[in-house]
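Here the protein sequences line up with chains A and B, keeping their order.
Here the UniProt record's numbering is used: position 8 in the first sequence is 8, and no number is missing along the way.
Here the UniProt record's numbering is used: position 71 in the second sequence is 71, and no number is missing along the way.
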Amino acid sequence: MPAHNENFPWMSYYRNYNFFEQRMTEHSKVSSCQKLDAGLYSIELNTGKKLNVFICECYSFGTAEYVESCENYGALDAVIISSNWCGYSLELKRDCMADQVGIFDIGGFMAAINQREYWTYLTDYEKDKFKEYGWS
Amino acid sequence: MSITSKSIKILWSNAAGRCSFRGCTERLSVEEAEGVTPYTLGEMAHIKGNKLGSNRYDADQPALERDGYENLILLCPTHHTLIDKAENEAEYSVELLHEMKQEHEEFVSNRLQITELKSLEQLKDKIAPYMAENHQVWDQYGPMSENARKNPNSDQVYALWTSERLSTIVPNNREIKELLVEYRALFSRKEHRVVSKFIKHVESYEQWVEDKIPYNAVQRFPSDFEDLILGE
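This is the structure we're talking about:
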C-alpha cells in the first residue's frame, strides 16, 4: 500500500523531496546533491565518493520494491524511505547490507553517511531487532 | 534499563490511552509528549519504584521486571505525581496500584458487554460505532490521510497517528473481535469467511503494532467486512 502514489517511483504528494534536499545541502559530510531523475539523486561525499541514492514514499518497501527500483534506475548505493508513515523490511535491510547497500529513513541516512561503511548503520531499534533475530 | 517500546505499546493499548487511576480515565493526549518520541507518551508510572528512595522501591526486583509491562501503570500527570509523593507511599501501595490497573484494563475490555444481543442487526449496531471511530482516526491521521501526504516528515503529526493507533484502533479492534467471537452464530454460513478474515486482520495488526511480526505478514483490512457491517 502506498502512502501516496501506487507505482514506481512512489513519489511524494508534492512530487518533490525538498526536505531531503535541504538536509543534504546542510550536511557537513556532503559536498553536492544532484537530482538525476524522479526520486533519484547523486550525493557526493566530502571523500569524493558518489552515491546513487533513491528516495521514495512507498508504504512498505520490501524486496520486490527494491528489485523494481534497481530495474528502473540501475545499481543503487542507498534507498531512503522518506515518510514517517512508510517503512522498510528489516530482512531487506539485512540482505542489502551484505551487498554494501544501505536502506534507511532520512534520519538514518543522515547519521549513516558520517561513517565510512555507511550501509552498516543501524538505529538503536534495529540493533535490538537484529540481536533478537540473531543476525548480529 | 529503560522501558522497552514493546512494554509501552502493550501498556498504552491495554489502557486505551487513558489514565488507569480509579475514577479518572482521563484521555492522555499527544500534547503531553512535548516533542519526545511518539511512543513515550503519557505517564508510565512504575508500580514498584524504579530507583532507590522512590516510592514502593523493591531492591530485590530484577532490572528487567522493573521496566516491564507488569510493573507499569499508565497515569495522567496529576495521578502520577500523587502516587509518587513520599507522604503517599502507604496509601498507594503496590497491591492497590495493581488492583487499579487491572480494574481499568477490565473496564476497557468490557466496555461493550452491556446487554445480550439477540439479532445480527443488534450486533451490527454495536460494532458500527467502533468501526466509525477507527475509520475517523485512519482518515485523519493514517498513511492515506491528507496529513500524512502533505506532512510526510512531521514527527508531531506522526506521533498523533501512533498515539491514536494504540489508544483507539487497537482497543476498538479488540472489542469488535470479542463481539464477533461471542455472537458468531448470528452470521450466515456465507458470511463466516469475511468474519474470519477480519478477525485475522485484528490479530495480525495488533501483533504488528506490538512489533511481533513484520508488516508484510499483516492481513489487510477486508473492505467486505465494512460492507457486511455497514451495508443495508
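All C-beta atoms in this analysis are idealised placements derived from N, C-alpha and C, irrespective of residue type, glycine included.
Computed from a predicted model, the values in this text were never measured in an experiment.
Minimum Cβ-Cβ distance from residue 150 of chain B to chain A less than 8 Å: yes
Contacts that residue 85 of chain A makes with chain B (C-beta to C-beta distance below 8 Å): 142, 143, 148, 152, 158, 161
Residues bridged to residue 44 of chain B (per DSSP): B:74
Cβ of residue 108 of chain A within 8 Å of any chain B Cβ: no
For residue 37 of chain A: DSSP bridge partner residues: A:40
Residue of A:100, A:116, A:5 minimising C-alpha distance to residue 48 of chain A: A:116
Residue environment, residue 276 of chain B, which counts as buried when at least 16 other CB atoms sit within 10 Å: Any property of residue 276 of chain B remains undetermined from this structure, which presents chain B solely from 1 to 232.
The stretch 156-166 of chain B in contact with the stretch 125-145 of chain B per 3-pair CB rule at 8 Å: yes
Contact with chain B by residue 57 of chain A, beta-carbon distance below 8 Å: yes
Near-chain A residues of the stretch 209-221 of chain B (beta-carbon distance less than 7 Å), N- to C-terminal order: 214, 215, 216
Residue nearest to residue 108 of chain B in terms of C-alpha spacing, selected from B:77, B:99, B:124, B:175: B:175
Interface flag, residue 118 of chain A vs chain B, CB-CB below 8 Å: no
Interface positions of the UniProt domain "HNH nuclease" (42-85) of chain B facing chain A (Cβ-Cβ less than 7 Å), listed along the chain: none
Beta-carbon proximity check, residue 178 of chain B vs residue 137 of chain B, cutoff 8 Å: no
Start and end residues, alpha helix (DSSP H) containing residue 98 of chain A: 90-98
Beta-carbon spacing of residue 106 of chain A, residue 80 of chain A below 8 Å: yes
Any 3 or more C-beta pairs closer than 8 Å across the stretch 115-127 of chain B and the stretch 91-106 of chain B: no
For residue 78 of chain A, the three-state DSSP class (helix, strand or coil): strand
Beta-carbon neighbours of residue 8 of chain A, restricted to chain B and to distances below 9 Å: Within chain B, no residue comes near residue 8 of chain A; the closest Cβ sits about 17 Å away, beyond 9 Å.
Contacting positions in the stretch 12-26 of chain A - beta carbon closer than 8 Å to chain B: 12, 13, 14, 19
Residue 84 of chain A versus residue 116 of chain B: straight-line alpha-carbon distance, rounded: 42 Å
Candidates B:217, B:105, B:161, B:56, of which the one nearest residue 87 of chain B by Cα: B:56
Alpha carbon of residue 127 of chain A to alpha carbon of residue 227 of chain B, nearest angstrom: 42 Å
Residue nearest to residue 7 of chain B in terms of C-alpha spacing, selected from B:28, B:212, B:69, B:170: B:69
Contact belief for residue 17 of chain B with residue 167 of chain B at Cβ below 8 Å, rounded distance in angstroms: 2 Å
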